[in-house]
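Shown next, in structure tokens, is the structure this report addresses.
Protein chains: 2
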Amino acid sequence: MHDQNIYDNEVFFEGYRKLREQPSAANHLVEKPALFSLCPNLSGKRVLDLGCGYGENCREFLHLGASHVTGLDLSEKMLQIAKAENDAERISFVRMSMSDLSALDGTFDVVFSSLAVHYVEDFDQLLAQIHRLLADGGIFLFSQEHPFTTALRKGPRWSQNEDGTINHYNLSDYGIPGIRTTTWIVDGVIKYHRTFSDIVNALSTAGFQLEQMLEPLPGADILAQYPVYQKCYHKPDFLLVRAKKCCV
Amino acid sequence: MHDQNIYDNEVFFEGYRKLREQPSAANHLVEKPALFSLCPNLSGKRVLDLGCGYGENCREFLHLGASHVTGLDLSEKMLQIAKAENDAERISFVRMSMSDLSALDGTFDVVFSSLAVHYVEDFDQLLAQIHRLLADGGIFLFSQEHPFTTALRKGPRWSQNEDGTINHYNLSDYGIPGIRTTTWIVDGVIKYHRTFSDIVNALSTAGFQLEQMLEPLPGADILAQYPVYQKCYHKPDFLLVRAKKCCV
Numbered sequence: 001m002h003d004q005n006i007y008d009n010e011v012f013f014e015g016y017r018k019l020r021e022q023p024s025a026a027n028h029l030v031e032k033p034a035l036f037s038l039c040p041n042l043s044g045k046r047v048l049d050l051g052c053g054y055g056e057n058c059r060e061f062l063h064l065g066a067s068h069v070t071g072l073d074l075s076e077k078m079l080q081i082a083k084a085e086n087d088a089e090r091i092s093f094v095r096m097s098m099s100d101l102s103a104l105d106g107t108f109d110v111v112f113s114s115l116a117v118h119y120v121e122d123f124d125q126l127l128a129q130i131h132r133l134l135a136d137g138g139i140f141l142f143s144q145e146h147p148f149t150t151a152l153r154k155g156p157r158w159s160q161n162e163d164g165t166i167n168h169y170n171l172s173d174y175g176i177p178g179i180r181t182t183t184w185i186v187d188g189v190i191k192y193h194r195t196f197s198d199i200v201n202a203l204s205t206a207g208f209q210l211e212q213m214l215e216p217l218p219g220a221d222i223l224a225q226y227p228v229y230q231k232c233y234h235k236p237d238f239l240l241v242r243a244k245k246c247c248v
Numbered sequence: 001m002h003d004q005n006i007y008d009n010e011v012f013f014e015g016y017r018k019l020r021e022q023p024s025a026a027n028h029l030v031e032k033p034a035l036f037s038l039c040p041n042l043s044g045k046r047v048l049d050l051g052c053g054y055g056e057n058c059r060e061f062l063h064l065g066a067s068h069v070t071g072l073d074l075s076e077k078m079l080q081i082a083k084a085e086n087d088a089e090r091i092s093f094v095r096m097s098m099s100d101l102s103a104l105d106g107t108f109d110v111v112f113s114s115l116a117v118h119y120v121e122d123f124d125q126l127l128a129q130i131h132r133l134l135a136d137g138g139i140f141l142f143s144q145e146h147p148f149t150t151a152l153r154k155g156p157r158w159s160q161n162e163d164g165t166i167n168h169y170n171l172s173d174y175g176i177p178g179i180r181t182t183t184w185i186v187d188g189v190i191k192y193h194r195t196f197s198d199i200v201n202a203l204s205t206a207g208f209q210l211e212q213m214l215e216p217l218p219g220a221d222i223l224a225q226y227p228v229y230q231k232c233y234h235k236p237d238f239l240l241v242r243a244k245k246c247c248v
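Protein sequence lines correspond, in order, to chains A and B. Per the UniProt record's numbering, the first sequence runs over residues 1 to 248. Per the UniProt record's numbering, the second sequence runs over residues 1 to 248.
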């Protein structure tokens, strides 16, 4: 079990903060709108946010009517910022690893997770815990790095034409699930690659019905401002899934 | 509506026949075993096979206990061979396009389709017809070319190292669904690209629960005999889906 806490690494943390604060970050432009487009009605709902980071989404869930939000993260630094910037009476922040939720109590109507499940090695166990924590008919809504992104064990990721435009994405090792040690801000960041069928079958086996899947792409307005995102039409950045708890 | 009947093109048909009869064909080695691994119990079941081709699978479904099998194909040439080689008392062959099944009567417990749905432009309409033809709780089991295969609008598909081994797959235009005019045996073969999320959402919207998804890969025994298939670990050849009819 790799209980990675890269977000408490000083260098990573500062680099990540700068990256996330850029208005051009794909998280803001593409992932977040897609996540909220799949959001069920939160009015009066108990919400759990796995890998809540700065807690921005926790606060947004309250605005959308949630009765209570629990934000969970492994990183002490993240939770300090969350408490300083996004605390509220009906939000609780909990420090715990997503890799083992067995100590978490409570029942939730909606479980969210934004760009965190690819850090978890044992997806089956995570889904079993989420299933346990959800009320009947409850929703699990998550985003993750796209499987084409997590697949690679070596670079370069993109092939360019002579004029600098992207020609294609260099897809390799998609069919080999498992650990990936990558460089992202710092060396040695550990993620886990799962294929589409791995993800779909794990959800089905854990007792979830897959309701909707998105591989969101930047629209014309975003492309006009940031032409670099044209390459996402070769290889999307994100995968989002909304699944409903059903029988096991 | 493109009601393509490429299988009645003489040149295509002969080329296809030679290709399929090779023992090294990926259909025999990878797709067919994967399809039958997902097959529900057929004992006493009414089966429909969409794009039945030579009718080999129809006969196999009878052996697996089906009470009756309807094999449907648009190609007169294919159906001639099917009737000559795989006819049986409890098999009916029907000439009809998968693009419009509205004239087809009957109720089926299982609908199969092997490597044919990527020829159909309107997937939503196809799924609506299959939903209509299935009994409650009935199963739709299909294989298709992998979305990484259908994505490309230009070649080359693979990047090789200097020693001739495959380095990666040149993935492009994955995020742009729609028509693809490709060369496969002959020029001008028309297929339709759909992303994973297109496929998953179409099934969900049509009233199917996705039970299992496979992107099958050749095992060690196949690789030992045909090392060329190592490249499938970068990019699988096939996608298979088993879905159950539920409420709309």
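Each residue gets a CB set at the ideal place from its N, CA and C atoms; glycine is no exception.
Using a Cβ-Cβ cut-off of 8 Å, state whether A/N170 counts as contacting chain E. In the structure shown, chain E cannot be found, because the protein chains are A and B.
Distance, A/G55 Cα to A/L133 Cα: 20 Å
Does the distance between the C-beta of B/E121 and the nearest non-hydrogen atom of the ligand PLP fall short of 7 Å? You won't find the ligand PLP in this model; it holds no ligand whatsoever.
Could you check whether the Cβ of A/Y192 sits closer than 8 Å to any Cβ belonging to chain B? no
For the stretch 201-214 of chain A, enumerate the residues whose C-beta is nearer than 8 Å to any C-beta of chain B, in chain order. N201, S204, Q209, L210, E211, Q212, M213, L214
Identify the contact partners of A/S197 in chain B, using a Cβ-Cβ distance below 7 Å as the criterion. Per Cβ cutoff of 7 Å: M213, L214, E215.
Is the distance from the Cβ of B/I139 to the Cβ of B/V110 below 8 Å? yes
Residue 253 of chain A versus B/G207 - alpha carbon distance: Outside the shown range of chain A (1 to 248) lies residue 253 of chain A, about which nothing can therefore be said.
What do you reckon, are the CB atoms on B/S75 and A/E215 nearer than 8 Å? no
Might you give, ordered along the chain, the residues of its own chain that have their beta carbon closer than 8 Å to the beta carbon of B/Y7, omitting 5 neighbours on each side? F13, Y16, G53, D73, L74, S75, K77, M78
Between the beta-carbon of A/P236 and the beta-carbon of A/H118, is there less than 8 Å? no
Please confirm if the stretch 16-33 of chain A is in contact with the stretch 219-239 of chain A, defined as three or more CB-CB distances below 8 Å between the two stretches. yes
List the residues of chain B that A/I139 touches, going by C-beta distances under 8 Å, in chain order. The contacting residues do not exist; A/I139 stays about 14 Å from chain B at best.
Considering only the beta carbon of each residue, do B/R157 and B/R180 sit closer than 8 Å? No, these two residues do not count as a Cβ contact at 8 Å.
Using only CA atoms, which one of A/K231, A/Q4, A/Q230, A/C232 lies nearest to A/A116? A/Q4
As assigned by DSSP and simplified to three states, the class of B/G175: coil
According to DSSP, simplified to helix, strand and coil, what is A/I81? helix
Drop a sphere of 10 angstroms on the beta-carbon of A/M1, count the other beta-carbons inside from all chains shown, and report buried for 16 or more, exposed for fewer. Any reading at A/M1 must be qualified, since the residue scores a pLDDT of 40, below 50, and its modelled position is unreliable; no value is offered.
Ends of the alpha helix (DSSP H) at B/L35? 32-37
Over what stretch of residues does the alpha helix (DSSP H) that includes A/L223 continue unbroken? Where A/L223 is concerned, the enclosing alpha helix (DSSP H) starts and stops at 220-225.
Would you say A/Y233 faces chain B, with C-beta separation under 8 Å as the test? yes
In chain order, what residues of the same chain lie with their CB nearer than 7 Å to the CB of A/V168, ignoring the 5 residues before and after it? This sequence places His at residue 168 of chain A; Val is not what is there. S159, H234, listed in sequence order.
Could you check what DSSP says for B/R95 in three-state terms: helix, strand or coil? strand
Report the rounded CA-to-CA distance for A/L64 versus A/V241, giving the unit in angstroms. 20 Å
With DSSP collapsed to three states, give me the class of B/I199. Three-state result, B/I199: helix.
Which same chain residues end up closer than 7 Å to B/N86 when comparing Cβ atoms and leaving out the 5 residues on each side of it in sequence? Cβ neighbours of B/N86 within its own chain (closer than 7 Å, five residues either side excluded): Y54, G55, E56, C58, R59.
Three-way DSSP call (helix, strand, coil) for A/V120 in this model: coil
Over what stretch of residues does the beta strand (DSSP E) that includes A/Y192 continue unbroken? 186-193
Would you say B/G155 lies against chain A (beta-carbon separation less than 8 Å)? False, the Cβ-Cβ gap to chain A never drops below 8 Å.
Classify B/M1 as helix, strand or coil using the three-state DSSP reduction. Legend: pLDDT at B/M1 = 39, less than 50; position of this residue unreliable, value from coordinates given subsequently. DSSP places B/M1 in coil when its eight states are reduced to three.
What does A/F148 touch in chain B if you count any residue whose Cβ is under 9 Å from its own? Correct list: F148, L171, Y174.
Determine whether the Cβ of A/P33 lies closer than 8 Å to any Cβ atom of chain B. no
Among residues of its own chain, excluding the 5 on either side of B/M96, which ones have a beta-carbon nearer than 6 Å to its beta-carbon? Only L72 meet the Cβ criterion.
A/S113 touches chain B at which residues, Cβ-Cβ below 7 Å? In chain order: nothing, as chain B lies at least about 18 Å away.
I need the DSSP call for B/Y7, collapsed to helix, strand or coil. Secondary structure at B/Y7: helix, using DSSP grouped into helix, strand and coil.
With distance defined between alpha-carbon atoms, name the residue in B/E211, B/I199, B/T149 nearest to B/W184. The residue with the shortest Cα to Cα distance from B/W184 is B/T149.
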